[in-house]
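Scroll down for the structure; my scribbles are underneath it.
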Amino acid sequence: MLKFKLSLLTSLFVSFACPAFCQTAISDPATKQICAGMQDVVLPAPDRPTPEEARALAGCVSEDLYFGFGTPVDLVKARKCAYLEMENGNKNLPFAGRAILMMVYANGRGATRNFDAAIKLGCEMSGAPNDVAGNVRQLARFRDGHWTGDNFSVCDHSSGRYMYLQCAILQDRFDKGDRDKRLNAIVSQWNAQDQKAFQLLQQAAERFFTAHASQEADLEATIEVHEKAFLERSFIPMLEQSERGEWPKFTAEQFTQAEAAMNSVYSRIQTGKVQRWGTVTLEGIRTAQQAWVPYRDAWVTFGKQKYPGVSSESWKTWLTQQRSEMLDFFLH
27 MLKFKLSLLT
37 SLFVSFACPA
47 FCQTAISDPA
57 TKQICAGMQD
67 VVLPAPDRPT
77 PEEARALAGC
87 VSEDLYFGFG
97 TPVDLVKARK
107 CAYLEMENGN
117 KNLPFAGRAI
127 LMMVYANGRG
137 ATRNFDAAIK
147 LGCEMSGAPN
157 DVAGNVRQLA
167 RFRDGHWTGD
177 NFSVCDHSSG
187 RYMYLQCAIL
197 QDRFDKGDRD
207 KRLNAIVSQW
217 NAQDQKAFQL
227 LQQAAERFFT
237 AHASQEADLE
247 ATIEVHEKAF
257 LERSFIPMLE
267 QSERGEWPKF
277 TAEQFTQAEA
287 AMNSVYSRIQ
297 TGKVQRWGTV
307 TLEGIRTAQQ
317 AWVPYRDAWV
327 TFGKQKYPGV
337 SSESWKTWLT
347 QQRSEMLDFF
357 LH
């Protein structure tokens with residue numbers, strides 16, 4: 027099955043990209059022809075939930091049931107939940123209602139494979155024109171070629187900005203599960219005091235990673251969820267390195283030099299002629315810098331608790347050098 031945390035940017039893209047996502051007119055002639063032939067297709071009545079099942083599934087989320095987020099995968103319940111979402115007005119969300127049912131019927135997972143039902147649902151989906159046409163035409167090819175796979179995804183065609191973001195968020199939900207497993211494998215071996223210190227570090231890291239991804243990444247060229255995931259992935263090897271005893275070793279003088287170098291870079295950015303880098307502004311860099319300082323301090327506090335043999339100057343120099351590299355990007 028194709029694997030795919032919600033970011034602060036989601037609401038922004040919904041508001042700006044909805045006109046494209048919410049379009050319903052199909053412009054591609056071949057897609058129009060395919061969809062015209064689906065007008066009389068009726069979704070299988072037995073696949074809908076019974077009244078008793080509907081009551082039991084009240085408040086369900088088909089996305090979670092289909093992909094197994096926070097609950098075991100249950101494709102039959104996902105299918106029945108998706109029908110309820112359609113009835114409740116959630117029919118056109120990126121991974122609910124029609125989208126889930128389209129994948130259920132195309133893949134034959136959770137219901138008998140039914141390409142006509144999948145195509146009809148694809149024709150009725152809202153979305154950017156190329157995304158809608160891509161799904162419909164791909165499903166038609168699958169039908170005509172008697173495809174027997176089970177990995178069709180609504181994200182196979184996500185060229186529209188809104189859907190691209192949603193698919194990135196979906197993928198990150200899977201990736202975060204993998205990251206959490208790696209972290210848990212490390213932290214679960216620690217005592218209560220070490221774990222408490224790490225929780226405080228995680229909270230500071232979350233604030234800084236969010237600030238960096240939203241304020242210091244050019245969101246004209248990337249999306250926040252990708253940038254934040256990159257930092258979260260980089261955070262784990264830092265811990266793994268420390269667990270192997272590969273600790274930073276710096277002197278107080280080296281920290282003074284590193285901090286002076288970082289402050290110099292930061293000052294040159296704030297006083298330079300360039301005021302903007304795509305969506306990145308001087309104010310945004312200041313916001314991220316203000317979140318970075320508590321993040322560095324949290325590393326020092328955690329380091330004292332977990333690795334008492336490592337000096338505070340070593341941790342601070344290590345992290346300050348990393349920050350200098352991040353900031354130096356804006357001078358080139």
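In this text, residue positions in the sequence shown follow my numbering: the first is 27, and each later residue adds one. Note that CB positions come from ideal geometry on N, CA and C, so glycine has one too.
Exercise. Starting from the C-beta of V162, find all residues in its chain whose C-beta is less than 7 Å away, skip the five residues before and the five after it, and write them out in chain order.
Key: The count along the sequence shown starts at 1 and reaches residue 162 at position 136. These residues qualify, in order along the chain: T57, I60, C61, I145, G148 and C149.
Quiz prompt | Inter-residue Cα distance where the pair is A104 and V68 | solution = Position 78 of the sequence shown holds residue 104. Position 42 of the sequence shown holds residue 68. If you take the alpha carbons of A104 and V68, they lie about 19 Å apart.
Practice problem: Excluding the 5 residues preceding and the 5 following P120 in the sequence, name in chain order all residues of the same chain whose CB lies nearer than 6 Å to its CB. | Solution: Counting from one through the sequence shown, the residue named residue 120 turns up at place 94. Shown here for P120: same chain residues with a beta carbon closer than 6 Å to its own, the five before and five after excluded, namely Q192 in chain order.
Quiz item: How many angstroms separate the CA atom of A159 from the CA atom of N133?
Solution: For the purposes of this step, residue 159 is taken as residue 133 along the sequence shown, with counting starting at 1. For the purposes of this step, residue 133 is taken as residue 107 along the sequence shown, with counting starting at 1. One C-alpha to the other measures close to 18 Å.
Quiz item: Expressed to the nearest angstrom, what Euclidean distance is found between the alpha-carbon atoms of A71 and Y131?
Solution: Numbered from its first residue, the sequence shown carries residue 71 at position 45. Numbered from its first residue, the sequence shown carries residue 131 at position 105. When the Cα atoms are used, A71 and Y131 turn out to be separated by approximately 13 Å.
Practice problem: From the DSSP output, in three-state form, read off V306 for me. | Solution: Position 280 of the sequence shown, counted from the first residue, corresponds to residue 306. Under the three-state reduction of DSSP output, V306 falls in the strand class.
Quiz prompt | Neighbourhood of Q331 by C-beta distance below 7 Å, restricted to the same chain and skipping five residues each side | solution = Taking the first residue of the sequence shown as position 1, residue 331 is located at position 305. Closer than 7 Å at the Cβ level, and outside the excluded window around Q331, lie Q219, D220 and A223.
Exercise. Can you give me the start and stop residues for the alpha helix (DSSP H) that L226 sits inside?
Key: Within the sequence shown, residue 226 is the residue found at index 200, counting from 1. Segment A218 to Q241, the alpha helix (DSSP H) holding L226.
Practice problem: For my contact list, R312 and L345 are in at a C-beta cut-off of 8 Å; report their separation, rounded to the angstrom. | Solution: As a position in the sequence shown, residue 312 is number 286, starting the count at 1. As a position in the sequence shown, residue 345 is number 319, starting the count at 1. Incorrect: roughly 18 Å between the Cβ atoms, too far for contact.
Quiz item: Count the other CB atoms within 10 Å of the CB of T343; is the residue buried (16 or more) or exposed (fewer)?
Solution: Within the sequence shown, residue 343 is the residue found at index 317, counting from 1. With 16 or more Cβ atoms within 10 Å of its Cβ, T343 is classed as buried.
Practice problem: Below 8 Å CB to CB, which residues in the same chain sit around V300 once its five sequence neighbours on both sides are set aside? | Solution: Within the sequence shown, numbered from 1, the residue matching residue 300 stands at position 274. Excluding five sequence positions before and after V300, the CB atoms of its chain that fall closer than 8 Å to its own CB belong to F356, given in chain order.
Quiz item: Cβ atoms of L226 and A324: under 8 Å apart, would you say?
Solution: The residue you call residue 324 lines up with position 298 of the sequence shown. The residue you call residue 226 lines up with position 200 of the sequence shown. It is a contact, given that the beta carbons lie within the stated cut-off.
Self-check item: Terminal residues of the alpha helix (DSSP H) in which P4 lies
Solution: Not covered by the structure: residue 4. The range shown for the chain is 27 to 358.
Quiz item: With a CB to CB cut of under 8 Å and the five nearest residues on each side skipped, what residues in its chain are close to Q280?
Solution: As a working mapping, residue 280 is identified with position 254 in the sequence shown. Within the same chain, E339 and T343 come within 8 Å of Q280 by CB-CB distance, once the 5 residues on both sides are set aside.
Quiz prompt | The alpha helix (DSSP H) enclosing R169, as first and last residue numbers | solution = Here residue 169 refers to the residue found at position 143 of the sequence shown. First-last of the alpha helix (DSSP H) with R169: P155 to D170.
Quiz item: How many Å lie between R259 and F235 at the Cα?
Solution: Taking the first residue of the sequence shown as 1, we reach residue 259 at position 233. Taking the first residue of the sequence shown as 1, we reach residue 235 at position 209. Cα-Cα distance, rounded: 11 Å.
Quiz item: Is H252 helix, strand or coil by DSSP?
Solution: Position 226 of the sequence shown, counted from the start, is the residue given in the question as residue 252. In the structure shown, H252 sits in a helix (DSSP, three-state: H, G or I).
Practice problem: Can you grab the Cα-Cα spacing for the pair E79 / F328, in whole Å? | Solution: Your numbering for residue 79 matches position 53 in the sequence shown. Your numbering for residue 328 matches position 302 in the sequence shown. So the alpha carbons of these two residues sit roughly 49 Å apart.
Practice problem: Reducing DSSP to helix, strand and coil, say where S37 ends up. | Solution: Looking up residue 37 in the sequence shown gives position 11. Confidence in S37 is poor, its pLDDT being 35 and thus under 50, which makes the residue's placement unreliable; the coordinate value appears in the next sentence. Shown here, S37 sits in a helix according to DSSP, grouped into three states.
Quiz item: What residue does the alpha helix (DSSP H) around I195 start on, and which one ends it?
Solution: Here residue 195 refers to the residue found at position 169 when the sequence shown is read from its first residue. DSSP places I195 inside the alpha helix (DSSP H), whose first and last residues are R187 to V213.
Quiz item: What's the call for K254, buried or exposed, on a 16-neighbour Cβ count within 10 Å?
Solution: For the purposes of this step, residue 254 is taken as residue 228 along the sequence shown, with counting starting at 1. Burial call: buried.
Quiz item: Whose C-alpha, out of T297, Y292, S293 and R205, is nearest the C-alpha of P263?
Solution: Locating residue 263 in the sequence shown gives position 237, counting from the first residue. Relative to the Cα of P263, the nearest Cα in the group T297, Y292, S293 and R205 belongs to R205.
Exercise. Just mark Q267 as buried or exposed, buried being the case when its beta carbon has 16 or more other beta carbons within 10 Å.
Key: Indexing the sequence shown from 1 puts residue 267 at position 241. So Q267 counts as exposed.
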